[in-house]
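So the sequence lines, in the order shown, correspond to chains V and F.
Position in the first sequence (from 1) plus 24 gives the number in this note's numbering.
Position in the second sequence (from 1) plus 24 gives the number in this note's numbering.
Reading through the structure tokens given below for one structure.
Number of protein chains: 2
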Amino acid sequence: MKGKATSFDIAHYAGVSQSTVSRALRNSPLVNEETRRRVHEVAKQLNYKVDKNASNLRTQQSSTLALLLFEDPTSDESQINPFFLAMLGSITRACAKEGYDLLVSFQSSSSDWQADYEDSHRADGLILLGYGDYLDYQPKFKTLIDQHTKFVCWGASVDNRPDLTVSCDNYGGGKLAAEHLLATGRTDCAFIGDASDHSPEFFARYQGFKDAFLAKGIKLNERKMANAISTEESGYHATRSLIANNIRFNSLFAASDLIAIGAIRALKEAKIKVPDDVHVVGFDNIAVASFVNPPLTTVQQDTTLAGQMLVDNLLKLIRGEHVENTLLPPRLIIRGSSV
Amino acid sequence: MKGKATSFDIAHYAGVSQSTVSRALRNSPLVNEETRRRVHEVAKQLNYKVDKNASNLRTQQSSTLALLLFEDPTSDESQINPFFLAMLGSITRACAKEGYDLLVSFQSSSSDWQADYEDSHRADGLILLGYGDYLDYQPKFKTLIDQHTKFVCWGASVDNRPDLTVSCDNYGGGKLAAEHLLATGRTDCAFIGDASDHSPEFFARYQGFKDAFLAKGIKLNERKMANAISTEESGYHATRSLIANNIRFNSLFAASDLIAIGAIRALKEAKIKVPDDVHVVGFDNIAVASFVNPPLTTVQQDTTLAGQMLVDNLLKLIRGEHVENTLLPPRLIIRGSSV
DNA sequence: TGACATTATGACACCGGTGTCAGATTAGGA
DNA sequence: TCCTAATCTGACACCGGTGTCATAATGTCA
């Protein structure tokens, strides 16, 4: 057999028309049981596989989702944020479970990102994943909505369309972290992250954290804060600058685990002991968290559930079903860095 | 405008035929400069995107590669081997660079894996990634070759077709590890991994390691070996069983970093100090390696280069060009676990 | 036995591009 | 001025399926 078999080849060998082959292979009730069997038989022998391009072209859908990964442009090229990789894994699994294929693509948020997977009929919908720079994305979101592109995004909320967002309850997670530190009696707390509304997830974490302290009548000292993006390097430098400015604290909340790991490095370097001198709590529960020294207390985001929800919601959108705003419950994982 | 624009819409507005539109958009030299400009103009206004399904159907190729990830069926569902995730990242980037899209799919090596991406014209070729169980795969490889499926694989070698494999020089890497331990004077060495030919990569690492010791006239003690697959758990249990059997050693070579990390946990638990009592060397240089305590000495595999080579070789195969067997040089990264 | 519903099948248009071929127009050369 | 070559464009078949419609074969009931 030269080249790949087509449904016409099968039709020929099975002694039926090509239409019937198409129907038989998709188990249409219109086709006779005996015929169906025979067609399947021949198809198997010829190792026939439906041509997805032809099929997709005709049906105008692709059984494929596209995952767009946005990375902090400043992060090292070779190292991808492990939290996103975990998400990628769970999204892949969720797609497979639903019978969808997944196209993966990295976007650098600085450049003009190409969301044309849907326009070009390569994918039925998009999943946007990133510690989104909130403000920069809004115009893009609007374009996507105007074009009726189906998409969901992680973290960053879309104006007036809360149903398009799946995210961890960052505010609640921040509270969990705060309550834990308060319970251990460490009320003089530093925050490393970004408390501007540029980074909505970090902002929400900080808000929850702050409010939990306020609820106990404690006001966080604004001077004990330093900005950082979600890399180890950034966390290290931010913490170093606090130390260099002679700012004292007995506990530290980092907006992400990578930041926390960088912070611990800076603290160690300054001969500040973790957890004896400073309790440290991170956010994400990436795989590394349990291996660092000391093991990192952190707020876990359930990536498996998150991936599943992103896919589920997107499929609902594609099918035109109603979707609710989705907020996933965080969970505190207590380890050696704070006890 | 209802629905998506097609090339006929553009033809209409630009006052030319659809054929000309198609040519103009692909910058065919056949079309007049002025016409080309006008067509592009209209296309942009209508936000036109070529329908990939139609295009792929006609041209019989997809500008897409598929990545099949094989995981150890025993590994935890939620945690994917970080080494593979790093590879995934670099493969994605390499694909983007070459203008190809990437379909990602997880396969459980136990079940019958579906390699029909190419048959169904979804992808032009396959990249196989996994700590392959060598023997199980050979029949599958044969089928793929018989069907003229274009594919490359990482690690596992394909009988008679060395050109289909890209891999790290595992033998050389094992030697590097051995020479380092010898240089530190730790000649009484344990090995955790799989030294059977079931796991070709681990086997090669062990061979290189063993030969380097032999070159110094030292024969490794077979009793100081334990089998493990590439998970932290497995490394932990394997090491524990050695300790439980009262087997002594002053250095340890693990076939992968995850195994090494598990081994360190087992050692610590038994109050055996790393590196004072036992020097530990791993393999892979996953991101975690530098964060564990003590930081792990390891043999680095250059994942960026590996991803690039896999993609490059696959594209060459697709284009029918000659491909060489590809072996990437490993590099020793010395950290606290062995000095 | 004729009228009608049911079942199974084939013919055919269609999805939206790409590639080939033929034809129109203009330019160039004798 | 006429002929040939070069340039540009449109018509059309084609890729390999899917869905609609018409039709043949069979069964049912009055």
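Built from N, CA and C at the ideal position, the CB exists for glycine as well.
These numbers come from a predicted model, not from an experiment.
- Note that the stretch 221-233 of chain V touches the stretch 184-198 of chain V; at least 3 beta-carbon pairs, one per stretch, sit closer than 8 Å.
- The criterion of a C-beta distance shorter than 7 Å is not satisfied by F273 (chain V) and V305 (chain V).
- Listed in chain order, the beta strand (DSSP E) runs fully inside the stretch 224-275 of chain F are 249-251, counting runs of at least 3 residues.
- Neighbours of K68 (chain V) across chain F, judged by C-beta separation under 7 Å, do not exist; the nearest C-beta is about 13 Å away.
- Annotation for E95 (chain V): the continuous beta strand (DSSP E) segment containing it runs 88-95.
- For A287 (chain V), the enclosing alpha helix (DSSP H) has its first and last residue at 281-293.
- Counting the other Cβ atoms within 10 Å of the Cβ of E142 (chain F) gives 16 or more, which makes it buried.
- Taking a beta-carbon distance threshold of 7 Å, H145 (chain V) counts as an interface residue toward chain F.
- For G197 (chain F), the enclosing alpha helix (DSSP H) starts and ends at 194-207.
- In this structure, I34 (chain V) sits away from V55 (chain V), with a CB-CB distance that is not shorter than 7 Å.
- Boundaries for Q332 (chain V): no beta strand (DSSP E) harbours it, while the alpha helix (DSSP H) harbouring it runs 327-342, taken from the DSSP string.
- T189 (chain F) has F:C177 as its beta-bridge partners, per DSSP.
- When CB distances to chain F are screened at a threshold of 9 Å, the residues of the stretch 68-87 of chain V falling below it are N71, Y72, K73, V74, D75, K76, N77, A78, S79, N80, L81, R82, Q84, S86, in chain order.
- Put simply, the CB of V302 (chain F) is far from chain V, with every gap to its CB atoms at 7 Å or more.
- By the 16-neighbour rule on beta-carbons within 10 angstroms, S43 (chain V) is exposed.
- Proximity to D125 (chain V) across V:V298, V:F108, V:L150 peaks at V:L150, based on C-alpha coordinates.
- Note that the stretch 320-330 of chain V does not touch the stretch 321-328 of chain F; fewer than 3 beta-carbon pairs, one per stretch, sit closer than 8 Å.
- Taking a Cβ-Cβ cut-off of 7 Å, the neighbours of A120 (chain V) in chain F comprise S129, F130, given in sequence order.
- DSSP places V128 (chain F) within a strand segment (E or B) once states are collapsed to three.
- In the structure shown, the three-state DSSP call for T322 (chain F) is strand.
- The stretch 78-91 of chain V makes contact with the stretch 109-129 of chain V; the number of CB pairs closer than 8 Å reaches 3 or more.
- Collapsing the DSSP output to three states places G154 (chain F) in coil.
- Separation of the CB atoms of V190 (chain V) and N337 (chain V) is rounded to 6 Å, and the pair is thereby assigned contact status at 8 Å.
- With the criterion set as a beta carbon lying under 8 Å from some beta carbon of chain F, the members of the stretch 270-299 of chain V are I285, in sequence order.
- DSSP places R62 (chain V) inside the alpha helix (DSSP H), whose first and last residues are 57-69.
- Annotated as proximal: A29 (chain F) and Y72 (chain F), with beta-carbon spacing under 7 Å.
- DSSP places H303 (chain F) in the strand class (E or B) of the three-state scheme.
- I253 (chain F) and G154 (chain F) have their C-alpha atoms roughly 12 Å apart.
- Here T350 (chain V) carries a strand assignment [DSSP, helix/strand/coil].
- For R117 (chain F), the secondary structure class from DSSP, reduced to helix, strand or coil, is helix.
- F:G259 is the residue among F:L266, F:G259, F:N269, F:A268 whose C-alpha sits nearest the C-alpha of I283 (chain F).
- In terms of Cα proximity to H64 (chain F), the closest of F:S46, F:V316, F:Q332, F:N77 is F:S46.
- Using a C-beta cut-off of 8 Å, the stretch 287-295 of chain F makes no contact with the stretch 280-299 of chain V, since fewer than three inter-stretch Cβ pairs fall below that distance.
- Considering only beta carbons, the part of the stretch 305-330 of chain F lying closer than 8 Å to chain V consists of A311, V312, F315, V316, N317, T327, T328, in chain order.
- The residue among F:K340, F:M333, F:G360 with its C-alpha nearest the C-alpha of L352 (chain F) is F:M333.
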